[in-house]
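Residue numbers (numbering that gives the first Met the number 0): 0 to 284.
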Amino acid sequence: MSAQVIDGKLISDTIREEIKADVASLLEKGIRPGLAVVLVGEDPASQVYVRNKAKACEDLGFYSEVHRLSAETTQDELLQLIDKLNGQASIHGILVQLPLPKHLEEKPVIDAISVVKDVDGFHPINVGNLMIGDDSLLPCTPAGCIELLKRTGNSPAGKHAVVIGRSNIVGKPVSLLLLRENATVTICHSRTPNLPEVAREADIVVAAVGVPKMVKRDWVKPGAVVIDVGINRLPDGKLCGDVDYDDVAEVAGWITPVPRGVGPMTITMLMANTLKAAKRTNGIQ
Ligand code: NDP
Numbered sequence: 000m001s002a003q004v005i006d007g008k009l010i011s012d013t014i015r016e017e018i019k020a021d022v023a024s025l026l027e028k029g030i031r032p033g034l035a036v037v038l039v040g041e042d043p044a045s046q047v048y049v050r051n052k053a054k055a056c057e058d059l060g061f062y063s064e065v066h067r068l069s070a071e072t073t074q075d076e077l078l079q080l081i082d083k084l085n086g087q088a089s090i091h092g093i094l095v096q097l098p099l100p101k102h103l104e105e106k107p108v109i110d111a112i113s114v115v116k117d118v119d120g121f122h123p124i125n126v127g128n129l130m131i132g133d134d135s136l137l138p139c140t141p142a143g144c145i146e147l148l149k150r151t152g153n154s155p156a157g158k159h160a161v162v163i164g165r166s167n168i169v170g171k172p173v174s175l176l177l178l179r180e181n182a183t184v185t186i187c188h189s190r191t192p193n194l195p196e197v198a199r200e201a202d203i204v205v206a207a208v209g210v211p212k213m214v215k216r217d218w219v220k221p222g223a224v225v226i227d228v229g230i231n232r233l234p235d236g237k238l239c240g241d242v243d244y245d246d247v248a249e250v251a252g253w254i255t256p257v258p259r260g261v262g263p264m265t266i267t268m269l270m271a272n273t274l275k276a277a278k279r280t281n282g283i284q
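So, in structure tokens, the structure goes:
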């Protein structure tokens, strides 16, 4: 058996076309979704992510601002910028690229972003709304995982989903979203005993661990859907996921590759959140 590939790039392109159409109708009303991205320091990976976000804005007709701050920026200076962006009408979404340089604290920065402009979905109020099932801006990577499942006809409803990883940015929110979609959810982490056995029970496996090729074929029930969130750089420079793709593709029913799986969905969901924030601000459903 060879798994069907879940092409995250293709699905992401489809969603971007939908966003473009929505932007066109907003522009007719004189509204242009605006995203501000804040980058502190010169981390090379962060610079690539920020460039990609600015490019996505340009492609989709969004207004965008990139604020590149020096690595010596103080907490107060960063908070002042966020305060200014919170009050700026042309900006509907604010994203502070993480991680921040070591001398800066992330939590006060996340807390300072206006809840309605928190397009990363990390503000405690948005996290709380996700928890209780209220409408909120959802964290991008987890929301992207759910889109991949739904748009390939793999509705989580009634399925047993096993999520490996319990981080605040991926594992926990994707578990809550799967629960909201009526899956039965098991959350695993570094202290979970018999992990392969637990994973083998799953109809849907979501791997968000950060360990290259950890999930092997004997962890996966034949026919299961495997969503690989991991992005790991191997010594030869190539990217790989948390799933041993070639091995697992032999038994899974559906599988996301790395790259071209979950990765492209993250920025696309950021754009979807910015569009949503722009609509909400202007009282449009
Ligand atoms: P974190 O390091 O924050 O969390 C990793 C989680 O995996 C923790 O809950 C940890 O358990 C668990 N874990 C670590 N080792 C093991 C193990 N041997 N067995 C079982 N569980 C283990 O990572 P993130 O959630 O931030 O990211 C996970 C992966 O997803 C990374 O590869 C990252 O690069 C990628 N990523 C991809 C994104 C995308 O756009 N596609 C976006 C964000 C992340 P414990 O809590 O017990 O320590």
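Idealized CB from N, CA, C, for every residue including glycine.
Give a yes or no on contact between the region 244 to 252 and the region 13 to 32, applying the rule of three or more CB pairs nearer than 8 Å. no
Which of helix, strand or coil does DSSP assign to Q87? coil
Three CB pairs or more closer than 8 Å across the region 88 to 97 and the region 118 to 136: yes
Consult DSSP for L233 and reduce its assignment to one of helix, strand or coil. coil
Of the residues E71, D82, A201, the one placed nearest W218, counting alpha carbons only: A201
Taking C-beta to C-beta, are L236 and V257 nearer than 8 Å? For clarity, residue 236 is Gly in the given sequence; the question names Leu instead. No; because the gap between Cβ atoms is not below 8 Å, this pair is not in contact.
Just verifying my parser: in three-state terms, what is the DSSP assignment at A207? coil
Report yes if the CB atom of I5 is closer than 8 Å to the CB atom of I163, and no otherwise. no
What is the rounded straight-line gap between the Cα of I293 and the Cα of P155? As displayed, the chain neither begins before 0 nor continues past 284, which places residue 293 out of reach and without an answer.
With a threshold of 7 Å on Cβ separation, who are the neighbours of R232 within its own chain once the five nearest residues in sequence on each side are excluded? L238
Looking only at C-alpha atoms, which of N272, G33, R216 sits nearest to E249? R216
Helix or strand or just coil, what does DSSP make of T140? helix
Return the residue from the list L177, G152, V208 that minimises the CA-CA distance to Q3. G152
Can the beta-carbon of A160 be found closer than 8 Å to that of V205? yes
In terms of residue numbering, what span does the alpha helix (DSSP H) encompassing A35 cover? That residue, A35, is in no alpha helix (DSSP H); its beta strand (DSSP E) goes 33 to 39.
In the DSSP assignment, find the beta strand (DSSP E) that holds D42 and state where it starts and stops. D42 -> no beta strand (DSSP E), and no H or E assigned at all.
For I81, does the count of other Cβ atoms within 10 angstroms reach 16, so buried, or fall short, so exposed? buried
How is the alpha helix (DSSP H) around I10 delimited, first residue to last? 7 to 27
Please find out if some non-hydrogen atom of the ligand NDP comes closer than 7 Å to the beta-carbon of T255. no
Taking N167 as the reference, which of L129, Q74, L38 has the closest Cα? L129
Does the region 48 to 61 come into contact with the region 97 to 117, if we say contact requires no fewer than three beta-carbon pairs (one atom in each stretch) closer than 8 Å? no
Quick one: what's Q3 bridged to in DSSP? W253
Does the ligand NDP have even one heavy atom less than 7 Å from the beta-carbon of G164? yes
Identity of the residue in L176, E64, I14, L175 nearest V37 by Cα: E64
Straight-line gap, R259 to K8 (C-alpha atoms, nearest Å): 5 Å
Give the single residue among K220, V225, S135 whose Cα lies nearest to the Cα of K212. V225
Contacting residues, own chain, Cβ-Cβ under 7 Å from T265 (five flanking each side not counted): C139, T140, G143
Can you tell me which of Q79, T267, I186 puts its alpha carbon nearest to the alpha carbon of P107? Q79
Since T280 is in the alpha helix (DSSP H), which residue starts that stretch and which ends it? 262 to 280
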